[in-house]
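Notes follow the structure.
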Amino acid sequence: MAARLKTSGDSRGAAEKCFEVLSLDPENFQGHLSLGTLYLAAGDYARALEHSEKAYKLDQRSTEAMNNIGAVCRQQGNYQAAADWHRAALRTNPNCETTPMNLAVCLINHGLHLKASDPKGAIRCYTEALVHCPTNANAYYNLGVSYAEMHKYDKALINYQLTVHFDPRCAEAYNNMGVIFKEQENLDKALKYYHMAIQCNPRFAQTLNNLGVAYTTSGRLTEALEYLSRAVAVAPNYAEAYNNLGWLFWDHGDLAQALRMYERCIELSPTSKNPSQNRLLALNYLHGLSPDLVFQALPCRLLSCVMHNDAYLYTHTQNCSCTQRS
1 MAARLKTSGD
11 SRGAAEKCFE
21 VLSLDPENFQ
31 GHLSLGTLYL
41 AAGDYARALE
51 HSEKAYKLDQ
61 RSTEAMNNIG
71 AVCRQQGNYQ
81 AAADWHRAAL
91 RTNPNCETTP
101 MNLAVCLINH
111 GLHLKASDPK
121 GAIRCYTEAL
131 VHCPTNANAY
141 YNLGVSYAEM
151 HKYDKALINY
161 QLTVHFDPRC
171 AEAYNNMGVI
181 FKEQENLDKA
191 LKYYHMAIQC
201 NPRFAQTLNN
211 LGVAYTTSGR
221 LTEALEYLSR
231 AVAVAPNYAE
241 AYNNLGWLFW
251 DHGDLAQALR
261 MYERCIELSP
271 TSKNPSQNRL
281 LALNYLHGLS
291 PDLVFQALPC
301 RLLSCVMHND
311 AYLYTHTQNC
321 SCTQRS
């Protein structure tokens with residue numbers, strides 16, 4: 001009865017039936033297991049853990065109980081314990097379809113947690129995730145990010161290509177491939193992959209900005225203005241794009257508009273160094289401004305006009321419940 005109520009969407013009714021069963025038989029395995037699953041789905045992790053652990057004590061070969069405990073540990077940020085529970089479930093029942101997916105998601109989360117302090121440990125996590133779930137696009141994506149951060153661009157590109165093979169709509173992977181090709185001064189390929197990212201997500205502000213930078217670099221200022229304008233239209237607080245618009249207006253000879261863009265960038269990101277330097281340079285060239293105003297604009301007077309680097313999107317997380325991928 002509880003299972004039928006749960007399937008029909010009546011979680012409250014299902015829980016009540018489980019409690020009825022447990023009032024008659026406090027050691028009922030299925031009652032505790034079902035409550036653990038219901039509480040997990042509801043986000044009540046303390047009760048989910050309580051009942052899943054009771055179910056596990058009653059049947060230590062229950063794959064579902066182990067997976068539930070693993071899912072709770074993952075939600076609590078204890079990724080190592082979560083992975084251990086999912087591995088135990090996999091050893092107990094290698095044929096369970098959901099366990100490898102749950103383990104892969106847990107390992108990816110663990111890798112993201114380790115990335116800053118232990119990059120090689122993160123790579124080990126992503127690699128193990130692919131052992132258990134070879135089609136997991138997020139694992140390939142995060143491997144690509146890790147290798148790119150190590151400047152191992154060939155490996156990064158291979159993993160980004162595998163990402164889009166399994167997830168053809170992953171705009172972040174196309175964007176990051178574009179960044180690598182621009183770093184390698186292959187502007188044609190950079191533009192190709194930036195445009196593929198925009199086809200996946202026309203409102204992807206980072207890629208719109210990157211297209212603006214690439215077109216500015218190649219002297220195609222009309223296209224650059226189009227994409228940088230689109231970047232700030234979809235993300236009005238995107239400071240980097242305003243700095244790059246300032247650089248573009250400078251190239252157009254519109255110093256007043258360039259100054260407005262730099263000032264907007266500084267308003268959004270007061271500690272950013274490059275737009276402040278660029279603003280000072282614009283003030284220095286604008287007619288009718290006193291030397292005192294230029295001098296007071298900034299204590300730092302390094303006169304260099306700098307565009308912001310292309311944006312990587314380094315995090316790509318995946319949330320998954322105990323029983324299904326989302």
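Going by full-length UniProt numbering, the sequence shown opens with residue 1, and the numbers climb by one from there. The C-beta atom is built at its ideal place from N, Cα and C for all residues, glycine as well.
By the neighbour-count criterion, in which 16 or more other beta carbons inside 10 Å mark a residue as buried, Gly253 falls on the exposed side. Here Asn159 has Tyr140, Leu143 and Gly144 as same chain residues with Cβ atoms under 6 Å from its own Cβ, once five neighbours each way along the sequence are excluded.
By the neighbour-count definition (other C-beta atoms within 10 Å, threshold 16), Ala116 is an exposed residue. In the structure shown, Asn244 adopts helical secondary structure according to DSSP, grouped into three states.
In the structure shown, Lys17 falls within a helical segment according to DSSP collapsed to helix, strand and coil. Here Glu185 is exposed, its C-beta having fewer than 16 other C-beta atoms within 10 Å. Rounded to the nearest angstrom, the Cβ distance from Glu53 to Ile69 is 6 Å, consistent with a contact under 8 Å.
Counting C-beta pairs closer than 8 Å gives three or more between the segment 23 to 37 and the segment 56 to 66, which meets the contact rule.
DSSP, reduced to helix, strand and coil, places Asp251 within a helical segment of the structure shown. Cβ neighbours of Phe166 within its own chain (closer than 6 Å, five residues either side excluded): Thr135 and Ala137. Between Leu90 and Thr99, the gap from beta carbon to beta carbon is short of 9 Å. Per DSSP, Pro26 is not a residue of any alpha helix (DSSP H), being assigned neither H nor E. Taking C-beta atoms as the reference points, Ala214 and Leu245 fail to come closer than 9 Å.
Ranked by Cα distance from Thr216, the first of Leu259, Ala148, Val131 and Trp250 is Trp250. Taking every protein chain shown into account, the CB of Phe19 has fewer than 16 other CB atoms within 10 angstroms, so this residue is exposed.
The criterion of a C-beta distance shorter than 9 Å is satisfied by Tyr194 and Gly178. Approximately 12 Å separates the beta-carbon atoms of Arg203 and Val232; this is outside 8 Å, ruling out the contact. Around Ala224, the same chain offers Gly212, Tyr215, Thr216 and Leu248 as residues with beta carbons nearer than 7 Å, after the five sequence neighbours per side are excluded. Glu185 sits in coil when the DSSP states are folded into three classes, being neither helix nor strand.
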